[in-house]
Amino acid sequence: MTYELNQKVKELVPYEPELGKFTVRLDANESFLPLHQDIKKDMMALVKKVALNRYPDSKSTDCCQAFADYYGIDSSFVTAGNGSDELIDLILGGFFARGEKLLITEPDFSMYRFYAQKAELQVISYQKTADFRIEPQALIDLAKKENCRGLIFSNPCNPTSQGLKKGALRMILKALPDTLVILDEAYMDFWNQSILSEAAEYDNLIILRTCSKAMGGAAIRLGFAVCPLPLTAAIRALKSPYNVNGLTQAAGLALLKRQDILKDALADILAGRGFLAGALTKLEQEWQDTLLAFSLVPESKTNFLVLRFRDKSKHREVADYLKRKKILIRCFPDFLRITVGSPEENQAFLAALRKMAALKKYQRKANNAPKNE
Ligand SMILES: *Cc1c(COP(=O)(O)O)cnc(C)c1O
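Counting from 1, one number per residue, gives the positions in the sequence shown under the working numbering.
Following this line, the structure appears as C-alpha cells:
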C-alpha cells in the first residue's frame, strides 16, 4: 500500500502569482506607494518592543482597536486575520457543512471558488450582466431558488471595478435573512458605499476588510472581519489561537494609527486613476476603427481599470506584448485589468501600448467589425 492524496487535494488548482522580474507591476492591485517613512519609523519602534519569545496577543486587541477607531466603529465587532484571505478560508471552512450551497457571482475574486472547493461546498454561480452589474432581485431569486446557505461577493468588485450601492445591499440582506452574506469590501476605501457602520445590525452579515490595497500594506498580511457579536464569537472560536503574528500586529498598529498619511496616499492613487482613465479614454477614441478597438469600463470604484477589446483574442496578445516589455498586467479571457501605478509606471504602460498599436499589423482598419458590442 502506498499513501495516496485525496481527490479534493488533487483537484485543487493553487493560486500561483506571477514570479519573474518585471520593471512595472500593474497586476496585483497593490498600492504603488511605498509605505510612508513616518509609518515605517513607528513600525520599527513597535517591532523592536515585541517580545519574540512570547506568543502574541491572540485577539490582536490593539490592532482591532486601531482599525475600529479608523472607521469609527465598535471594536467588539472586529476580528483580525492573517490577511482577509485567511478569514475567507476560515469562514467558508467553518460556517458551512460539506455540500452546502454557496452562491458566488461571476466574474468575481477567484479565491472564493478556491476556498469553497477546499471546504467541499457546492458552488452556485450568478452571472453578472454584460456591463458587469449585479441585478439584486435576480441574485435574490437565484439564492432562494437554490436554497443557498451563503453568498460571498466583493463590493466594489475585483476584477470588474464596479459595485453595488448601499440600498441594493440592504435589500439583499433583508431578502435573505437565513443566508450568511459575506461582503468583501477589500476596495471600499476607494468608494463611498460601505455598510461597515451597519454591520452589527444584520445577524447574517460578515464584512471583510484588508490593509493590502488602499493602505499599501500587502506584505504585512492583515485583514479584518466585522460582524455582530454571535458571528464574531464564531469566527474567534474557529481561528487558530495566534493567527496574526506579533510583528504583523506591531506593523498593523503603526499603519492604522496614521489616518492622515493614509488619506493622502488615497488621494494620490485616485489622482493616478484619473490620469490613467483620461489617457485610456483618448486611446479608446483613437483606436476605435482599428484591430485594437477596445472600451474602458467606465467609473472604476477601485484602484484598477478594466479594458475590453472588441476582438477577445487581443487580451492575451496585448498582455503578452507588455510582458515582453517587462510590464505586467492581469489578463482575463474577456478583459484586461490594470492596477493604477505611479506616474512613471502609468506612462511606461501607456507608451508600450501605443508602441504596440504603431506596429503595422494592428493599423489595418477593421471597417466591418461591429462597434460597441
Ligand atoms: C486582494 C483581495 C483580497 C485579499 O486581501 P488580503 O487581505 O491581502 O488577503 C480579498 N478580497 C479581494 C476582492 C481582493 O481583491
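Note that beta-carbon positions come from the ideal geometry of N, C-alpha and C, so glycine has one too.
None of these values were measured; they are calculated from a predicted model.
Note on the stretch 235 to 280: there is no whole beta strand (DSSP E) run with a minimum of 3 residues. Between the alpha carbons of PHE95 and VAL50 lies a distance of about 33 angstroms.
Judged by DSSP secondary structure, ILE91 falls within the alpha helix (DSSP H) whose first and last residues are 83 to 94.
A distance filter of 5 angstroms between CB atoms and the heavy atoms of ligand 1 selects the following residues in sequence order: GLY83, SER84, ASP85, PHE109, SER154, ASN158, ASP184, ALA186, THR210, SER212 and GLY223. Looking from the CA of VAL340, the closest CA among SER300, LYS360 and LEU222 belongs to SER300. For LYS101, the beta-bridge partners assigned by DSSP are GLN122. Distance from the Cα of VAL9 is smallest, within the candidate group ALA119, ALA237 and ALA218, for ALA119. For THR61, the enclosing alpha helix (DSSP H) starts and ends at 61 to 71. For LEU92, the closest alpha carbon among the candidates LYS166, TYR15, THR79 and ILE206 is that of ILE206. Annotated three-state conformation of GLY167 is helix, per DSSP.
Taking the Cα of LEU238 as reference, the smallest distance to any Cα among ALA358, LEU90 and ASP289 is reached at LEU90.
Less than 8 angstroms separates the beta-carbon of ALA265 from that of LEU33. Comparing C-alpha distances from ASN53 to each of GLU345, ASN245 and GLU344 shows the shortest one belongs to ASN245. Secondary structure note for SER110: it is in no alpha helix (DSSP H), with a DSSP letter that is neither H nor E. The DSSP assignment places complete beta strand (DSSP E) segments of no fewer than 3 residues inside the stretch 129 to 188 at 150 to 154 and 180 to 184, in order along the chain. The residues ILE39, ASP42, MET43 and LEU46, in chain order, have a CB closer than 6 angstroms to that of ALA254 in the same chain once the five nearest residues on each side in sequence are set aside.
In the three-state DSSP reduction, GLN288 falls in the coil class, being neither helix nor strand. Considering only THR248, ALA233 and MET215, the residue with the shortest C-alpha distance to ARG221 is THR248. For the pair PHE109 and ASP184, the CB atoms are nearer than the 8 angstroms cut-off.
Annotation for VAL318: the continuous alpha helix (DSSP H) segment containing it runs 313 to 324.
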